[in-house]
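Colleague: If you scroll down you'll find the structure; I have some questions about it.
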Amino acid sequence: MSAYAAVVRAPRTLTEKEVARLLRATGEHKEGFRDHCLYSLALASGLREHELVALNVGDVFDERGRARRHVLLHVFKGCRRHPRPQEVVLSDTVRAKLEKLLRLKRAQGHGVGPQAPLFLSRKGLRLSTRQVRHGFAVWQARAGLERHLNFHAVRHTACTGVYRRTKDIRLTQKFARQRSIDSTVIYTHPSDDELVRVTNDLPC
0 MSAYAAVVRA PRTLTEKEVA RLLRATGEHK EGFRDHCLYS LALASGLREH
50 ELVALNVGDV FDERGRARRH VLLHVFKGCR RHPRPQEVVL SDTVRAKLEK
100 LLRLKRAQGH GVGPQAPLFL SRKGLRLSTR QVRHGFAVWQ ARAGLERHLN
150 FHAVRHTACT GVYRRTKDIR LTQKFARQRS IDSTVIYTHP SDDELVRVTN
200 DLPC
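Oh and the sequence shown: position 200 is 199 in numbering that gives the first Met the number 0, straight run, nothing missing.
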């Protein structure tokens, strides 16, 4: 592969059918609902795995247990002592799922105070990025996905989805929370599937 081809290749993403199968598989199992919410949140916000596991209950919910529409993140970039605030917007669908997750956590006796971790492991500890990656591999297999992608593909799926729906690179940059638009350009590149679809429609 040439250096140019390597630069312009679209990032690996989940197809709409793969997303549906993954969410259906996690949603149909009681033990999978935490991961169902995790994947839904990632798909709707573009959050990275370390940002997801760092979330506390108070970051996402108000004092009445209602999921916020605007969630403020404190992302460390460059200097570990000075986090840079970033904001993501949550859809009504994701907020409803997260509120259900909070009710389940409360019913199971887990802490739901502002500083309590939002996503817990089976041992009741904060979920780790390693556990997120392992769980994603397990659920891909359970959902019958033929490809096995890493978890960062979920973020690529979200950001690519925003661009394909809007064709607005500035909006996609804001959604992806990227300082340089050069980093956002990868989401504008057509996929191999899109190229096949277009060529099949050409008169010949």
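In this text, a Cβ means the ideal position worked out from N, Cα and C, and glycines have one as well.
1. Output the distance between the C-alpha atoms of Thr25 and Ala43, rounded to the nearest integer angstrom.
2. How long is the line joining the alpha carbons of Val153 and Pro202, rounded to whole angstroms?
3. Considering only their Cβ atoms, is the gap separating Pro113 from Arg125 smaller than 8 Å?
4. Exposed or buried, what is Lys166 when buried is set at 16 or more other beta-carbons lying within 10 Å of its beta-carbon?
5. Could you tell me which whole alpha helix (DSSP H) segments of length 4 or greater appear in the region 91-161?
6. Taking DSSP as the reference, what is the three-state secondary structure of His188?
7. In whole angstroms, what separates the C-alpha of Ile180 from that of Lys173?
8. By alpha-carbon positions, which one of Phe32, Phe150, Lys122 ends up nearest to Arg47?
9. Hey, how far is the Cα of Ser1 from the Cα of Gly64?
10. From Ser190 to Thr159, what does the alpha carbon distance come to, in whole angstroms?
11. Please determine, among Leu101, Gly31, Glu27, Ser39, the residue with the shortest C-alpha to C-alpha distance to Asp61.
12. Would the region 122-142 count as touching the region 51-58 if we require 3 or more Cβ pairs under 8 Å?
13. Got a sec? Which residues, its chain only, sit under 6 Å from Leu148 by beta carbon, not counting five neighbours each side?
14. Going by beta carbon distance, what residues of the same chain come within less than 6 Å of Lys104, once the five residues before and after it are set aside?
Modeller: Let me spell this out:
1. 16 Å
2. In a straight line, the C-alpha of Val153 is about 35 Å away from that of Pro202.
3. no
4. exposed
5. Runs of the alpha helix (DSSP H) inside the region 91-161: 91-106, 128-141.
6. coil
7. 9 Å
8. Minimum Cα distance to Arg47 is reached at Phe150.
9. Since pLDDT at Ser1 reaches only 40, below the 50 mark, its modelled position is unreliable, and the value read off the structure follows with that caveat. Taken atom to atom, the span from the alpha-carbon of Ser1 to that of Gly64 is near 52 Å.
10. 10 Å
11. Leu101
12. yes
13. Arg11
14. Same-chain partners within the cutoff: Val111.
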